[in-house]
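S.K.: The structure is given below, and queries will be raised subsequently.
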Amino acid sequence: MGNFFAACVSPLLVVLAKQFHVSTTDTSHLAIYAVLTIGLSNLLAIPISQYIGKRYTILLSMILFIGVNIWGAYCTTYNELLASRIVGGLAAGIVEALGPLIIAECFTEAYLASAMVVYTLSLGAGASLGPLVAGLVHNGTHTWPWTFGISAFITAVNLLSSILMLPETTGLENFYEVAPPTNATVTADAEKAVTDEIEQARDAVSSAESESLYDQWIHRSFFWTLPDIKPEANFLVLFFQPLWLLCSPAVVFTSVIFGILIAFTVIISIVYGTVLGQPPILWTPLKIGLLNLSPLIGLIVGMPTGGYLADVLYRRSARNHEGIGLRESRIFAALPGAIISPLGLIVIGVCLQKHLSWVGLAFGWMMSNIGLTAVASVLLTYCVDCYSWKSAHIGVVVNVIKNMVSFGVSYAAVPWYLDLGPQKQFGTMAGILLFFLLLIIPLRIYSTKLRELSLKYIA
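Under the numbering used here, read the sequence shown as residues 131 to 589, first letter to last.
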């Protein structure tokens with residue numbers, strides 16, 4: 131819902147500019163600043179969850195997010211709406227960082243990519259559904275406030291389902307937790323011993339849950355305090371603790387790729403909302419919103435390679451290495467998406483420059499968005515597999531960097547478009563993306579050495 135919230139204003143840029151008597155560059159900041167604060171608020175996830183648990187952290191962030199959406203629906207000035215967007219981003223982003231941790235707790239390594247690609251799909255789908263809903267709302271009501279009303283309603287439904295179906299997992303993860311290696315060189319026998327220990331622990335957890343499932347649900351859903359919830363350090367230390375992962379080239383690379391892909395999606399959304407909504411094209415918010423179905427299709431198209439193919443490669447490597455899957459075996463699953471995504475940006479630039487059919491714009495956006503599930507998800511799975519005891523920290527670092535990169539790159543999206551023209555702008559974007567995606571090859575070749583080097587600093 132955070133990306134839904136950030137992106138929902140993109141079809142309304144021209145409408146909001148006219149209502150508040152500001153430029154479309156100003157209204158584009160309504161989306162961009164929300165993206166920034168969503169990323170920064172991830173740093174609060176681990177400290178807060180250490181003090182009150184993951185369940186209450188998620189529930190409280192949802193309650194705050196509902197309130198901010200209601201506030202946004204009643205804003206009457208541009209500055210007030212911008213303030214609500216900034217606070218809304220802070221409320222929405224806290225949940226994002228806990229996703230990889232919960233996934234690592236619930237799924238074995240053999241199916242980790244298939245689970246992670248659903249998480250990535252959810253992040254990207256919000257950015258597509260938000261503008262679609264905004265376009266439909268404006269078409270039906272000829273105004274925008276109910277867009278935030280619907281966002282509040284969806285979050286309220288999610289809040290209710292989370293109250294009923296999201297028990298506290300703090301403490302249970304200790305059964306699954308993988309201690310960090312004590313030295314940089316990890317033997318196959320040691321890896322197998324850890325894997326066997328984890329599987330035995332999971333069997334023990336399953337047995338315990340089957341004995342008193344209802345009692346555990348009550349105990350872990352409606353509690354004042356739990357003995358497992360106790361912070362490992364003070365709030366400030368926990369706040370900065372994830373930043374040690376910047377010593378991992380894989381985590382930094384994944385964060386930058388994620389950030390570039392998200393940034394370019396934001397740029398496309400802003401450019402489409404601005405260019406298509408003004409003369410001579412004069413598309414309605416509904417048409418601009420419906421165009422956001424194309425990146426959603428791209429996310430779905432990328433799922434088989436980012437999820438199933440990556441897990442198939444991992445399981446095959448396990449069969450070839452006495453039951454121990456190679457973490458880096460998943461990386462080459464990202465190559466198809468790495469080829470398709472830059473081509474999509476080139477298609478968009480040519481179509482805008484030559485005023486071609488909207489079909490080309492939709493197809494190019496679909497191609498470029500394939501990278502989120504087909505590339506970024508594979509790299510995120512690889513990072514979580516490499517540093518499974520740091521899953522929550524990975525979620526924090528990846529989301530903070532990707533949103534900061536997205537904010538920095540997309541801040542001047544409209545002036546960049548006006549200065550260079552669409553073909554040069556999107557051609558430059560394609561070149562930047564291709565350069566970073568080519569780094570997947572050395573990451574695969576030197577993955578073991580890079581991980582061993584990073585383990586000297588990541589405890």
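The beta-carbon is built from N, C-alpha and C at its ideal position, and this holds for glycine as well.
Count the CB pairs spanning the segment 439-456 and the segment 411-421 that are closer than 8 Å, and state whether there are at least three.
M.R.: Output reads no: the segment 411-421 does not touch the segment 439-456.
S.K.: Using 7 Å as the limit for Cβ to Cβ distance, is G494 near chain C?
M.R.: Here there is only one protein chain, and chain C is not present.
S.K.: In whole angstroms, give me the CA-to-CA distance for G229 and S521.
M.R.: Looking at the two C-alpha atoms, the distance is approximately 9 Å.
S.K.: By how many angstroms is the C-alpha of Q149 removed from the C-alpha of I387?
M.R.: Taking the straight line from one Cα to the other gives about 36 Å.
S.K.: How is the alpha helix (DSSP H) around F237 delimited, first residue to last?
M.R.: That residue, F237, is in no alpha helix (DSSP H); it is neither H nor E in DSSP.
S.K.: If you follow the alpha helix (DSSP H) that K148 is part of, which residue opens it and which one closes it?
M.R.: First-last of the alpha helix (DSSP H) with K148: L143 to F150.
S.K.: Would you call M496 buried or exposed, if buried means 16 or more other Cβ atoms sit within 10 Å of its Cβ?
M.R.: Buried is the call here.
S.K.: One question on the structure: do L381 and L375 come within less than 7 Å of each other, judged by their Cβ atoms?
M.R.: Checking the sequence, you will find Val at residue 381 rather than Leu. Yes.
S.K.: Return the chain-ordered list of same chain residues with a C-beta closer than 6 Å to the C-beta of V539, the five sequence neighbours on each side being excluded.
M.R.: Result list for V539: A393, in chain order.
S.K.: By the three-class DSSP mapping on this structure, what secondary structure does C597 have?
M.R.: This structure leaves residue 597 out entirely; the chain is present only between 131 and 589.
S.K.: Please classify P572 as buried or exposed, where buried requires at least 16 other C-beta atoms within 10 Å of its C-beta.
M.R.: It is exposed - the Cβ of P572 has fewer than 16 other Cβ atoms within 10 Å.
S.K.: Over the uninterrupted alpha helix (DSSP H) stretch that includes F283, give me the two end residues.
M.R.: First-last of the alpha helix (DSSP H) with F283: P275 to M295.
S.K.: Along the chain, which unbroken stretches of the alpha helix (DSSP H) at least 4 residues long are found entirely within the segment 177-238?
M.R.: List check, alpha helix (DSSP H) in window: 184-203 and 208-236.
S.K.: Return yes when the Cβ of G223 is within less than 7 Å of the Cβ of G132, no when it is not.
M.R.: Contact: yes.
S.K.: Rounded to whole angstroms, what is the Cα-Cα separation between L212 and L406?
M.R.: If I take the Cα positions, the gap works out to 23 Å.
S.K.: Would you call the CB atoms of V544 and T404 closer than 7 Å?
M.R.: Yes, they are a contact pair.
S.K.: My understanding is that L368 touches P177, with C-beta atoms under 8 Å, so please give their C-beta distance in whole angstroms.
M.R.: Indeed they touch by this definition, with Cβ atoms about 4 Å apart.
S.K.: Using three-state DSSP, classify W582 as helix, strand or coil.
M.R.: Correcting the residue identity first, residue 582 is Glu in this sequence and not Trp. Here E582 sits in helix by DSSP.
S.K.: Is it a yes or a no for the segment 199-217 touching the segment 244-253, going by three-plus beta-carbon pairs under 8 Å?
M.R.: Result no; under three Cβ-Cβ pairs closer than 8 Å.
S.K.: Taking the beta carbon of F365 as the centre, do at least 16 other beta carbons fall within 10 Å, making it buried, or is it exposed?
M.R.: When all chains shown are included, F365 counts as exposed.
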